[in-house]
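Comments concern the structure below.
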Amino acid sequence: MADPNYPGIHGILGTRGSLVLDLLFLAMFAVVLVMAWSIGQVKYRRRYQLHKWVQIVLAGVLLAAVIVFEADIRLHGWEDRAAGQMGGHASPQVWMSLYIHLCFAVTSVLLWPVVIIRALRQFPNPPAPAAHSASHKFWAWLAAADMLLTAVTGWTFYYLAFVR
Ligand code: HEM
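Those letters in the sequence shown? Residues 28 to 191, by my numbering.
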């Protein structure tokens with residue numbers, strides 16, 4: 028439970044997480060759902076322009092979230108909260124789950140801008156299937172899977188560090 032001495036603002040989920048961590052935990056559900064909807068729109072309904080803007084806005088929102096999250100972590104840390112006491116340390120299992128999460132999070136941060144910039148340069152405007160389609164489908168599916176795994180491993184880290 029929340030210790031009033033933890034640095035930073037307490038979260039809203041009633042766990043040991045900070046407000047920023049809680050909001051990010053919840054936001055990742057929206058990110059995964061919106062991404063799946065956007066891919067469904069392009070795959071089954073050929074709404075290319077809609078797909079383009081949803082993906083660009085999603086990437087912008089994610090970038091802003093990452094910046095706020097990094098600021099919270101750098102300013103307030105997270106290990107006191109994970110340990111359940113000030114000056115405490117997170118368990119090796121929590122650290123392992125964080126490293127696994129970071130593998131996906133870091134590659135997503137690198138892959139998403141590449142997929143978007145290549146799509147903007149190589150699809151016509153307004154967007155439509157083109158020579159770039161095959162390459163886009165390969166890299167964009169990889170980027171989407173990477174984001175899904177970022178979310179799943181992030182939720183796992185949150186649970187191990189701030190709930191259990
Ligand atoms: C990280 C961002 C993006 C992701 C994850 C993503 C994801 C995808 C996926 C998974 C598909 C394939 C759906 C299928 O199997 O049929 C697709 C198709 C497509 N995307 Fe994206 N996309 C992204 C950004 C963009 C952007 C910025 C544009 C436009 C400039 C764009 C334009 C298209 C088009 C035109 C298709 C249809 C290709 C075809 O069927 O020939 N995408 N996208």
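The beta carbon of each residue, even a glycine, is placed where N, CA and C say it ideally should be.
Checklist entry - Which residues in the same chain have their Cβ closer than 8 Å to the Cβ of Pro151, if we skip the five residues on either side of it in sequence? => result When the five nearest sequence neighbours on each side are left out, the beta carbons in the same chain lying within less than 8 Å of the beta carbon of Pro151 are those of Ala157, in order along the chain.
Checklist entry - Would the beta-carbon of Ile127 be found less than 8 Å away from any heavy atom of the ligand HEM? => result The answer is no for Ile127.
Checklist entry - Is Pro156 near the ligand HEM, with its Cβ less than 8 Å from a heavy atom? => result yes
Checklist entry - Would you call the CB atoms of Leu169 and Phe131 closer than 9 Å? => result No, the pair does not count as a contact, with Cβ atoms beyond the cut-off.
Checklist entry - When burial is assigned at 16 or more other CB atoms within 10 Å of the CB, is Ser65 buried or exposed? => result buried
Checklist entry - Hey, is the region 127–141 in contact with the region 79–93, meaning 3+ C-beta pairs nearer than 8 Å? => result yes
Checklist entry - Mind pulling the alpha helix (DSSP H) runs of 4 or more residues that sit fully within the region 101–126? => result 106–110
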